[in-house]
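For reference, the structure discussed in these notes is given below.
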Amino acid sequence: MDMNLNLQKLMAFVKTVECGSFTKAAEALNYTQSGVSRMIQDLEKDWNTSLLERSRAGVRLTSEGVLLLPYAKTLCLEYQKLQKQVDELNGLQSGLIRIGTISSIATHWLPNIIKAFQQDYPGIDYELLLGDYSEIEAWILEGRVDCGFLLQPAHPDLETIYLGQDELLVILPEHHPLVEFDRVPFKALCDQPFMLLDRGGRSEVKEFFEQYGISPMVKFTTWDDYAIMSMVESGLGISLLPQLILQRVPYRIVTKRLDVPAYREICLALRSKQTASHAVKRFLEYLPFRSEGETVV
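The sequence shown begins at 308 in this note's numbering and counts up by one.
Listed below in structure tokens is the structure:
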């Protein structure tokens, strides 16, 4: 076997598996699609084996690829650890922070944090991966991101920094009968067509329903909070959304509090503060900048 392998080929292999296609892997690595494909072909030639099955639907691992992928991932992660040490020696003049986040935090918290951090450390770059809570948790555990925003309680193998409560608010059309309530009775959520914010994994809204033992009439399910607001504005139903999502929205909707406690508890999670890179440790110090003019309990 030719031992003249380089990390770029391994990273192309790992990224293609993560993304499920050469095109997406090429975008993530800033290569051409043909370049990524060629690097993996080189690996297959070097190892005298087939790693990926190619089809119109994308790519998937062969049995040989399944066997070799964990070793390729380990080498790529070890290289990232090496790069972190180099970054520390350079005194944060350069580096990369990879963050897993949900869209509302990427929209309303991260710009404030990154703006403050960038003023002190302009050489640091950022990679934001948007996903749901279960995806973000998996990315942190496998080292795909350095840290990520999650609901508490998080996975027991992760260290967390508690950031605060984000209240769940009832979303109503402007002329809905429930607008008359100061606080909406939580059981009233069962009497109306309901628009559910859900991507299939862990959901703060579903956890609220389970906590109080209620079953709303779900007529529409999506991960797009703006689609839900538009549906509610059009009178197609009501919804329950976190307050953070509802800042600076253009829709003609009314928000109301519930008559019972309803909130999500947000934390930042990482595998270990002790072993985190110097850049990530510094980044954690800038978390208080998240709430520019906002109150997070």
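Glycine included, every Cβ here is placed at the ideal spot set by N, Cα and C.
Nearest candidate by alpha-carbon position, reference residue i, set the options
{"i": "glutamate 466", "options": "Leu403, Leu448, Pro480", "result": "Leu448"}
{"i": "aspartate 464", "options": "Leu479, Glu444, Leu470", "result": "Glu444"}
{"i": "valine 324", "options": "Val366, Lys352, Val539", "result": "Val366"}
{"i": "arginine 578", "options": "Glu481, Val452, Leu594, Leu475", "result": "Val452"}
{"i": "arginine 506", "options": "Trp446, Trp354, Ser410, Ser328", "result": "Ser410"}
{"i": "glutamine 554", "options": "Leu436, Phe515, Glu474, Val343", "result": "Glu474"}
{"i": "threonine 356", "options": "Leu368, Ala364, Ser362", "result": "Leu368"}
{"i": "leucine 374", "options": "Val321, Phe424, Ile412", "result": "Val321"}
Segment limits, beta strand (DSSP E) that includes residue i
{"i": "cysteine 326", "result": "Unbroken run through cysteine 326 is the alpha helix (DSSP H), 314 to 326; no beta strand (DSSP E)."}
{"i": "aspartate 531", "result": "Run containing aspartate 531: none; DSSP gives neither H nor E here."}
{"i": "alanine 576", "result": "570 to 577"}
{"i": "lysine 272", "result": "Since the first residue shown for the chain is 308 and the last is 604, residue 272 is missing from the structure and cannot be characterised."}
{"i": "histidine 516", "result": "According to the sequence provided, residue 516 is phenylalanine. The question's histidine does not apply to it. Counting along the chain, phenylalanine 516 falls outside any beta strand (DSSP E), though it belongs to the alpha helix (DSSP H) covering 511 to 519."}
{"i": "glutamate 360", "result": "359 to 362"}
Check whether residue i and residue j have beta carbons under 8 Å apart
{"i": "isoleucine 545", "j": "leucine 457", "result": "no"}
{"i": "arginine 509", "j": "serine 584", "result": "no"}
{"i": "tyrosine 519", "j": "valine 567", "result": "yes"}
{"i": "isoleucine 420", "j": "arginine 597", "result": "yes"}
{"i": "glycine 548", "j": "leucine 503", "result": "The question names glycine, yet the displayed sequence has leucine at residue 548. Not closer than 8 Å, so no."}
{"i": "glutamate 371", "j": "leucine 350", "result": "no"}
{"i": "phenylalanine 488", "j": "proline 523", "result": "no"}
{"i": "tryptophan 446", "j": "glycine 402", "result": "no"}
{"i": "methionine 346", "j": "glutamine 315", "result": "yes"}
{"i": "tyrosine 433", "j": "cysteine 574", "result": "no"}
Range covered by the alpha helix (DSSP H) that runs through residue i
{"i": "threonine 330", "result": "329 to 336"}
{"i": "isoleucine 347", "result": "340 to 354"}
One or two residues paired with residue i in a DSSP bridge
{"i": "isoleucine 545", "result": "Phe501"}
{"i": "aspartate 473", "result": "Arg571"}
{"i": "lysine 563", "result": "Val477"}
- Message: What ranges does the beta strand (DSSP E) occupy inside the segment 383 to 446, keeping only unbroken runs of at least 3 residues that lie completely in it?
- Response: 402 to 408, 431 to 437
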